[in-house]
Structures are given as C-alpha cells and as structure tokens.
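Undergrad: Which chain is which? The protein sequence lines are A and B, in order.
Per UniProt numbering: the first sequence ends with 350, consecutive numbering throughout.
Per UniProt numbering: the second sequence ends with 350, consecutive numbering throughout.
Protein chains: 2
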Amino acid sequence: MTLKNLAQRLGVSTATVSNAFNRPDQLSRALREHILEEARRLGYRGPDARARSLRTGQSRIVAVVLAETLTYSLNDAVSSELLTGITEVLDAHGHTLLLLSGRQPESPRHADALCHPGSASMADGFVVYGLMPGDRLINELPAQRPLVGVDFHIDARPTVHIDNEPACHAIACHALKKRPRRVGILSLRLIDESYNGPVSAEHRCLDAHRTITRSRLDGFHRALDEHDIDPTSVPVWNIDENTHAVCATVIEEILDLPAEQRPDLLLCMSDRIALTVLTLAEQRGIRVPEDLRLTGFDGIEEGQYRAPRLTTVRQDSIEKGRVAARMVLGLEPAENRLLGTRLLIGESCP
Amino acid sequence: MTLKNLAQRLGVSTATVSNAFNRPDQLSRALREHILEEARRLGYRGPDARARSLRTGQSRIVAVVLAETLTYSLNDAVSSELLTGITEVLDAHGHTLLLLSGRQPESPRHADALCHPGSASMADGFVVYGLMPGDRLINELPAQRPLVGVDFHIDARPTVHIDNEPACHAIACHALKKRPRRVGILSLRLIDESYNGPVSAEHRCLDAHRTITRSRLDGFHRALDEHDIDPTSVPVWNIDENTHAVCATVIEEILDLPAEQRPDLLLCMSDRIALTVLTLAEQRGIRVPEDLRLTGFDGIEEGQYRAPRLTTVRQDSIEKGRVAARMVLGLEPAENRLLGTRLLIGESCP
DNA sequence: CTGAAAGCGCTTACAG
DNA sequence: CTGAAAGCGCTTACAG
Chain A
1 MTLKNLAQRL GVSTATVSNA FNRPDQLSRA LREHILEEAR RLGYRGPDAR ARSLRTGQSR
61 IVAVVLAETL TYSLNDAVSS ELLTGITEVL DAHGHTLLLL SGRQPESPRH ADALCHPGSA
121 SMADGFVVYG LMPGDRLINE LPAQRPLVGV DFHIDARPTV HIDNEPACHA IACHALKKRP
181 RRVGILSLRL IDESYNGPVS AEHRCLDAHR TITRSRLDGF HRALDEHDID PTSVPVWNID
241 ENTHAVCATV IEEILDLPAE QRPDLLLCMS DRIALTVLTL AEQRGIRVPE DLRLTGFDGI
301 EEGQYRAPRL TTVRQDSIEK GRVAARMVLG LEPAENRLLG TRLLIGESCP
Chain B
1 MTLKNLAQRL GVSTATVSNA FNRPDQLSRA LREHILEEAR RLGYRGPDAR ARSLRTGQSR
61 IVAVVLAETL TYSLNDAVSS ELLTGITEVL DAHGHTLLLL SGRQPESPRH ADALCHPGSA
121 SMADGFVVYG LMPGDRLINE LPAQRPLVGV DFHIDARPTV HIDNEPACHA IACHALKKRP
181 RRVGILSLRL IDESYNGPVS AEHRCLDAHR TITRSRLDGF HRALDEHDID PTSVPVWNID
241 ENTHAVCATV IEEILDLPAE QRPDLLLCMS DRIALTVLTL AEQRGIRVPE DLRLTGFDGI
301 EEGQYRAPRL TTVRQDSIEK GRVAARMVLG LEPAENRLLG TRLLIGESCP
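(1) Measuring alpha carbon to alpha carbon, tell me which residue in B:LEU265, B:GLY330 and B:ARG40 is nearest B:ILE179.
(2) Look at A:LEU82 and A:SER270 and say whether their C-beta atoms are less than 7 Å apart.
(3) For B:ASP256, count the other beta carbons within 10 Å of its own beta carbon; 16 or more makes it buried, fewer makes it exposed. Which is it?
(4) Starting from A:MET132, find everything on chain B with Cβ-Cβ shorter than 8 Å and list it in chain order.
(5) Would you decide whether A:LYS4 is buried or exposed? Buried here means 16 or more other CB atoms lie within 10 Å of its CB.
(6) Are the beta-carbon atoms belonging to A:ALA324 and A:VAL183 less than 7 Å from one another?
(7) Is the stretch 138-147 of chain A touching the stretch 187-202 of chain A, taking contact as three or more C-beta pairs under 8 Å?
(8) Would you mind working out which of B:LEU186, B:LEU280 and B:ALA248 sits nearest B:ASN238, comparing C-alpha positions?
(9) What residues from chain B crowd round A:ARG287, counting only those whose CB sits closer than 9 Å?
(10) Does any CB atom of chain B fall closer than 7 Å to the CB of A:GLU140?
(11) Where B:TYR72 and B:ALA39 are concerned, what is the direct C-alpha to C-alpha distance, given to the nearest angstrom?
(12) Within the present structure, is the beta-carbon of B:ARG314 separated from the nearest heavy atom of the ligand PLP by less than 6 Å?
(13) Verify whether the separation of the beta carbon atoms of A:ILE35 and A:ALA20 is less than 7 Å.
(14) Could you tell me the distance, in whole angstroms, from the CA atom of B:ALA248 to the CA atom of A:VAL65?
(15) Looking at the C-beta of B:LEU99, does it have a partner C-beta in chain A at a distance below 7 Å?
(16) Give me the Cα-Cα distance between A:ASN75 and A:LEU10, rounded to the nearest whole angstrom.
(17) Using a C-beta to C-beta distance shorter than 7 Å, which residues of chain B count as neighbours of A:TYR305?
(18) So, B:TYR305 versus A:THR279, is the Cβ gap smaller than 7 Å?
(19) Report the residue ranges of all alpha helix (DSSP H) runs contained in full by the stretch 294-336 of chain B; include only those spanning at least 4 residues, in chain order.
(20) Using 8 Å for Cβ pairs, my map puts A:GLU335 next to A:PRO158. What's the rounded Cβ distance?
(21) Would A:LEU98 and B:THR96 be called neighbours here (beta carbons separated by less than 7 Å)?
(22) So which residues on chain A does B:GLN26 lean against when the C-beta distance must stay under 9 Å?
(23) How would you call A:ASN139, buried or exposed, if buried means at least 16 neighbouring beta carbons within 10 angstroms?
(24) Could you give the DSSP three-state label for B:VAL127: helix, strand or coil?
(25) Can you list the alpha helix (DSSP H) stretches of 4 or more residues lying completely in the stretch 65-111 of chain B, in chain order?
(26) For B:GLY102 and B:MET132, which I take to be in contact (beta-carbon distance under 8 Å), what is that distance rounded to the nearest angstrom?
(27) Between B:PRO289 and B:PRO263, which are expected to be in contact by the criterion C-beta below 8 Å, what is the C-beta distance as a whole number of angstroms?
(28) Secondary structure at B:ALA63, three-state DSSP: helix, strand or coil?
(29) Are B:GLY303 and B:THR312 close, meaning C-beta to C-beta below 7 Å?
(30) Find the nearest neighbour of A:THR87 within the set A:THR69, A:ALA77, A:TYR44 and A:ILE61, judged by alpha-carbon distance.
(31) So if DSSP puts A:THR159 in a beta bridge, which residue, or which two residues, is it bridged to?
(32) Can you check whether the CB of B:THR213 is closer than 7 Å to the CB of B:ILE251?
(33) My output table needs one value for A:ALA113: the three-state DSSP class, helix, strand or coil.
(34) Please check if any C-beta of chain A sits within less than 7 Å of the C-beta of B:ILE154.
(35) If the cut is a Cβ gap below 8 Å, which residues of chain B does A:ILE61 touch?
(36) Less than 8 Å between the CB atoms is what I'm expecting for A:PHE220 and A:ALA172, so what's the real figure, rounded?
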C-alpha cells in the first residue's frame with residue numbers, strides 16, 4: 001500500500017494525500033479526516049520514511065557515534081547519562097537516535113566496507129563521543145551535516161567539554177589538605193595501547209590536546225606541586241576500560257602491596273574505579289577512609305547511595321548530552337562549550 | 001557530490017560507479033580502484049543511504065522499541081544487556097540500531113503526530129521490549145516487516161521469553177527451606193496504574209498473559225503454597241519503576257516497620273530492588289542475612305561483586321537480545337523461544 | 001482547495 | 001565489462 005495507491009482508490013491526487021498527512025492547512029478538514037480514515041481502514045500507515053527522507057533530505061534521525069564499544073557504552077553510567085540527555089532533546093523535537101560505534105569488538109569486515117558510509121549517511125547530524133581510534137570513521141561521515149564532539153576535540157567542529165583540569169586540581173587540593181603518606185593515581189586510558197598497570201617513562205601517552213585523561217592528570221599534578229609533592233614520585237596506573245572487571249585486576253595489585261608500600265590516598269579518574277577500590281578494600285579489611293582515602297570522578301548515582309559515599313567531582317553528563325543535541329539540531333549556536341562541575345564531599349575522603 | 005555527478009566527471013555511467021561501490025565483481029579491478037580513488041579525491045563518501053534504502057527497500061537499520069522511557073532503559077542493567085546482545089548481532093551483520101521509546105516522558109505532541117509512523121518506518125525490522133502502554137505504537141509499525149517481542153507477548157508475533165514462573169518457584173523454594181517468620185514480596189509493576197506501595201484487593205492487576213511480573217508472582221505463590229504458607233497472607237508491595245530512587249521510597253517504609261512486623265524474608269523481583277534493600281538495611285543496622293534474608297532476580301553484575309552477594313536468578317539478557325536480533329534478521333526461525341535461567345546462591349540468602 | 005509533473009539519489013535488470 | 005533507462009515512494013512548487 002503506497003500513497004499513490006491510496007490516492008487512486010480515493011480518487012484524489014497524491015499531493016492531496018501527502019498534504020493530509022503533512023500539511024493539514026492545505027485541504028479541508030472533512031477531506032483530510034476522510035483520507036486519514038480510509039488510510040487506516042486500508043492499512044496504510046502513513047508516508048514511508050525512506051522515500052520521504054530522500055525527497056526532503058531529512059531523516060529526523062541523529063546518530064551518536066561512540067568511541068567505545070556499544071557494549072561498554074550501554075553499561076557505563078556516564079555514557080548512559082549522556083545518551084539520556086541527547087534523547088531527551090531529540091524526543092522533544094521529533095527525532096530519533098541511531099547508535100554507531102567506532103570501536104568494533106571484532107569485525108573482520110570485508111575490505112569493501114571501507115568505502116561505504118553505511119547507514120551513517122542516513123542521519124541528519126552527529127554527536128561524536130570520546131576519542132575515536134583513528135579518524136577514519138569521522139572522515140566517512142558526510143562533511144556538510146552538523147557534527148558536535150563531546151569530551152574531545154575534532155578539527156573545525158564545535159565541542160562540548162567540562163573543566164577537567166581545574167576540577168581535578170580542586171579535588172586533589174581537597175584531598176591533600178590532610179597530608180598523605182603515599183599517593184597513587186588511578187587513570188583512565190592515558191596511553192596509546194591496550195595496557196593495564198603502572199605507567200612508566202617508556203609508555204607513549206595519548207595526545208594531550210585530545211584526551212580528557214591528560215587534562216585530569218595535569219590537574220592532579222598541579223595540586224601535588226602546590227603541596228610540595230613531586231608529581232614524578234607519584235605512581236600512575238593505567239586502566240584501559242572503565243569496567244568493574246578491568247578495574248579489579250589493577251586495583252587488586254595495588255591493594256595487595258605490603259601495607260608500607262600501599263598508598264593511603266588514591267586519586268581515581270572515575271567513580272567506577274573508586275567504587276571498585278571500595279569493594280575490594282572492604283573485602284580485605286582495609287578501612288575507608290581510615291586506612292585509605294579515595295576520590296572519584298563523575299558523581300554517578302551508585303557512588304552516592306552507598307556508604308561511604310564517594311568524594312568526587314560531579315559532572316552533569318545529561319546536560320552535556322542536551323547541549324550537544326541542541327547544537328546538532330541547530331537550536332543553539334554551534335560553538336565550543338565548557339560546562340562546569342561541582343565538588344562533592346563524601347565520607348571516602350572527608 | 002552525487003553518484004551521477006561523479007560518473008559524469010569520470011566519463012563512465014552511473015551503473016559503473018554504483019557497481020564500484022557495491023559489486024566489485026562487475027567491473028575490472030583497475031577501473032574500480034580508479035573510481036574509488038577519484039571518489040575520495042573529490043569528496044564523494046559513497047552512495048547516499050537514503051536513496052539506497054528507497055531503491056533497495058532495505059535500510060540496514062533495526063529499531064528497538066522500548067516500553068520504558070529511554071532514560072530508564074539506558075540506565076537499567078538488564079535493558080542494557082539486552083541492547084548489548086542485539087547490537088552484537090546487528091554489528092556482525094552490518095546493521096545499526098535505532099532506539100525508539102513507547103513511553104514518552106512528557107510529549108504533548110501535536111495531534112498530527114498521531115498519523116505518522118515517523119522514522120520508525122525506516123527500519124527493516126523491530127524488537128519490542130516490554131509491555132507497551134497501549135497498542136497504538138505497535139499498530140503504527142509497518143505490518144509486513146519482521147517484529148519480535150521480548151518479555152511479553154504480541155499477537156501473531158514470535159516472542160523471546162524466559163521461564164519466569166519456574167525460576168521464581170525455584171528461588172522461593174530455596175529461600176523457604178529455612179522457614180521465615182514473616183515473608184514479603186517486592187514486585188515490579190504489577191498493577192495498571194502508577195503506584196508505589198502495598199497492593200490490596202482493590203488494585204487492578206495487569207493482564208496475566210502479558211506481563212512477566214504476574215508469572216513471577218505465580219511462581220512465588222506456588223512455592224509458598226507448597227510450604228504451607230497461605231499466599232494471601234503474604235504482603236506484596238508494588239514498585240512502579242526499577243530505579244534506586246523509586247525502590248527506596250517503598251523499601252524505607254518496610255524497613256522502618258517495628259521489628260516484630262518487619263519481614264525476615266523478602267522475595268524481590270529484581271536485583272535492583274534487592275540491592276536497594278541491602279543498602280538501606282545496612283544503613284539501619286539490619287544485618288543481611290541474619291536479620292533479613294533477601295533474594296533478587298536478574299543476576300546483574302552489581303549484585304555479584306558486592307558483599308553479601310545476592311541470591312538471585314541469573315537470566316542471560318544478552319542472549320535474549322541476540323536471539324531476538326537473529327530472528328529479526330531472519331537468521332533463525334521466527335518462533336516463540338523460552339530461554340533458561342540459573343539459580344545463583346549468594347550470601348544474602350544462603 | 002486540488003491536480004499534473006518533476007525529481008530527490010540511487011540500484012538493477014537488460015541490452016550491447 | 002559497460003551504458004541507457006526505469007522506477008523505488010514520496011514532497012513540493014506551480015498552475016488552475
């Protein structure tokens with residue numbers, strides 16, 4: 001059943017049927033009702049989105065391109081919040097969300113795929129979240145359509161960011177008010193290879209301008225400096241994926257150090273990391289904050305209803321998503337935006 | 001830049017350019033390479049997905065229609081696992097995921113929207129997850145395209161289910177081996193209105209054939225019966241949304257009952273509920289399992305790395321998603337499927 | 001308020 | 001291996 005079919009059966013032109021669905025003001029109320037009723041009766045569900053999008057050049061679809069795997073992004077609280085904010089705006093404006101992933105789990109796709117934008121070119125606009133592994137995917141997206149980066153910079157495109165460096169400086173300053181015997185930093189992906197464990201001089205760090213982890217590390221280091229602790233003396237552990245399972249392997253290594261080598265303050269770059277420390281410390285009878293103080297980053301819900309609550313930086317990822325979506329839809333100027341954060345003092349580092 | 005443009009510039013027909021992108025075997029290797037190279041040089045990113053989908057009738061997009069709000073679904077561990085399983089299969093077969101929600105947060109959309117399938121008609125197939133509020137949305141979807149229900153039944157369509165009744169019977173039997181003084185049931189949405197609190201005779205329950213909560217309740221009741229406990233004597237609390245915040249209001253009410261009225265065994269229909277009980281009980285100095293035994297449902301990760309681990313039913317939602325996606329793509333027969341579950345004994349109810 | 005006609009950008013038999 | 005042509009289902013000026 002097509003619009004043309006329907007028009008023939010009803011003895012009107014296709015333009016009239018189209019108007020019945022799209023421009024109520026272009027035909028009489030009675031005729032419109034008649035057409036809609038007959039459409040329903042004959043099983044015509046309305047104009048086909050494929051044809052419509054070709055004709056109008058608009059699909060009412062916005063794609064979110066996620067740097068991480070979809071599996072990760074769907075299960076991570078921060079990514080989920082971002083998506084929540086994006087969909088909130090899209091919903092309100094009659095758009096829907098297409099999910100694309102930059103980091104395919106294992107896709108030995110045929111070489112042909114290289115020259116195909118796939119369903120990406122369906123979307124009216126794009127939100128790109130996180131540092132993509134390579135620029136290939138981004139270069140395949142239609143260059144003329146709006147594209148907004150979140151949490152990392154793309155040349156010649158607007159970005160939505162938070163103030164990572166000052167936020168980390170602030171939380172570290174709070175933590176360092178009470179002088180620790182030994183500090184450690186648990187970092188999210190800081191280096192350019194898949195690796196979990198202590199970072200040493202040989203490791204090649206990711207480009208500072210493009211990653212949030214470098215900014216966060218800079219904030220920590222500035223605070224350490226100001227408190228007369230040599231940043232180079234503070235060990236940094238790299239965690240390649242922000243999941244309980246991956247965090248746990250690195251953290252166990254740290255918590256199982258002899259008590260005199262174990263840090264009594266851990267600055268973590270995510271709440272997920274800090275929460276995993278909390279759980280594993282509990283299991284080992286290490287008391288937080290008495291034996292080990294702990295800061296997180298993100299301010300996710302899970303960190304705020306457990307006891308002890310995390311001391312952390314609250315970032316409003318939902319708002320980040322809203323802003324990005326509004327830029328893509330042209331509802332606000334497409335320019336770089338820096339969103340603020342808030343220090344949250346919990347019991348994990350009072 | 002269009003395919004036609006490109007063909008003109010290169011002095012070949014549009015068919016040849018199209019074949020260069022889609023059917024490598026239809027032209028010489030040298031010509032193909034030449035075309036692809038020139039395409040790149042001239043900024044042509046490959047055939048437009050909109051036109052292609054109109055022509056071929058395939059968009060390589062599969063839509064997931066979620067009964068709950070996207071906000072909820074993206075933040076819930078079980079929904080996220082389902083989506084993970086779906087995207088895994090879609091990715092492997094070159095499809096992408098479109099997210100639709102049945103339960104719009106607040107959308108006073110103009111009446112016109114009623115007669116529009118919107119971008120839904122873009123998709124090649126549909127996975128519908130959970131009981132939709134009303135059949136309207138489903139009836140708007142193109143009837144000829146594959147559609148698979150998950151966790152609830154749609155007339156004349158295949159469904160992927162788990163064995164809710166037997167699973168709940170089994171976990172309740174386990175819990176009732178040690179006779180409780182007083183049992184309570186914490187149920188997910190069981191009644192046909194937004195309500196949080198004790199369920200009484202006046203409440204209208206949702207249709208038994210369509211909801212998983214009724215099946216789960218039946219399983220609990222059968223076990224109670226077999227253990228000589230009158231099911232009608234066991235209070236049931238309704239929780240309208242499976243989030244920490246909503247669960248907490250109901251649970252606080254229960255935990256704050258005088259000790260002699262408070263249940264010492266709570267059968268919960270989700271791990272989220274059970275975990276919230278755990279957190280709130282901890283805060284009140286109620287010991288689990290000594291003062292209060294607790295069972296969950298789902299087997300989400302968060303329940304298995306905390307101490308005490310939850311006693312729960314593990315359902316493999318990722319597999320549920322895989323199966324549903326494979327059915328939609330026609331990779332396996334579109335027929336009703338019942339997936340098994342596994343009883344997980346943790347310390348919350350040994 | 002209604003209809004005839006062009007064309008969105010592509011793919012696919014089909015003829016050469 | 002290549003090209004000319006039809007047509008996927010719709011929307012939109014435009015003329016009446």
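Note that CB positions come from ideal geometry on N, CA and C, so glycine has one too.
Here the structure is a predicted model, which is why all the values come from computation and not from measurement.
TA: Straight from the coordinates:
(1) Sequence inspection shows Arg at residue 179 of chain B; the Ile mentioned does not correspond to that position. Nearest to B:ARG179 by C-alpha distance, out of B:LEU265, B:GLY330 and B:ARG40, is B:LEU265.
(2) Remark: C-beta atoms of A:LEU82 and A:SER270 do not approach each other more closely than 7 Å.
(3) By the neighbour-count rule (16 or more Cβ atoms within 10 Å), B:ASP256 is not buried but exposed.
(4) For a Cβ distance threshold of 8 Å, nothing in chain B lies close to A:MET132: the least Cβ distance comes to about 16 Å.
(5) Flag for A:LYS4 reads exposed.
(6) Contact flag unset, no.
(7) Because the criterion of three Cβ pairs below 8 Å is not met, the stretch 138-147 of chain A and the stretch 187-202 of chain A do not touch.
(8) Among B:LEU186, B:LEU280 and B:ALA248, the Cα nearest to that of B:ASN238 is on B:LEU186.
(9) Result: empty, since nearest Cβ-Cβ is about 14 Å, beyond 9 Å.
(10) Cβ-Cβ to chain B under 7 Å: yes for A:GLU140.
(11) Across the structure, B:TYR72 and B:ALA39 are spaced so that their CA atoms are roughly 43 Å apart.
(12) The model on display carries no ligand, and the ligand PLP is accordingly not part of it.
(13) Less than 7 Å separates the beta-carbon of A:ILE35 from that of A:ALA20.
(14) Distance between the alpha carbons of B:ALA248 and A:VAL65 is about 35 Å.
(15) It does; some Cβ of chain A falls within 7 Å.
(16) Cα to Cα, A:ASN75 sits roughly 50 Å from A:LEU10.
(17) Those within 7 Å of A:TYR305 in chain B are HIS244 and THR279.
(18) Contact flag set, yes.
(19) Correct list: 301-305 and 317-328.
(20) Confirmed, Cβ separation roughly 5 Å.
(21) Closer than 7 Å, so yes.
(22) Going along chain A, no residue has its Cβ under 9 Å from B:GLN26, so there is no contact; the nearest lies around 12 Å.
(23) Exposed, because fewer than 16 other Cβ atoms sit within 10 Å of the Cβ of A:ASN139.
(24) DSSP places B:VAL127 in strand when its eight states are reduced to three.
(25) Counting only runs that start and end inside the stretch 65-111 of chain B, the alpha helix (DSSP H) elements of at least 4 residues fall at 70-75 and 77-92.
(26) Rounded, the Cβ-Cβ distance is 4 Å, consistent with contact.
(27) With 8 Å as the limit, B:PRO289 and B:PRO263 do not qualify as a contact, their Cβ atoms being about 13 Å apart.
(28) B:ALA63: strand per DSSP, three-state reduction.
(29) Yes, the pair counts as a contact, with Cβ atoms nearer than the cut-off.
(30) Residue A:ILE61 is the option with its Cα nearest to A:THR87.
(31) Answer is A:GLY149.
(32) No, the Cβ-Cβ distance between B:ILE251 and B:THR213 is not below 7 Å.
(33) Residue placement at A:ALA113 is flagged as unreliable, the pLDDT there being 42, under the threshold of 50; a coordinate-derived value is accordingly withheld.
(34) Taking 7 Å as the threshold, the shortest C-beta distance from B:ILE154 to chain A does not fall below it.
(35) Under the 8 Å cutoff, chain B gives LEU98, SER119 and MET122.
(36) Rounded, the Cβ-Cβ distance is 5 Å, consistent with contact.
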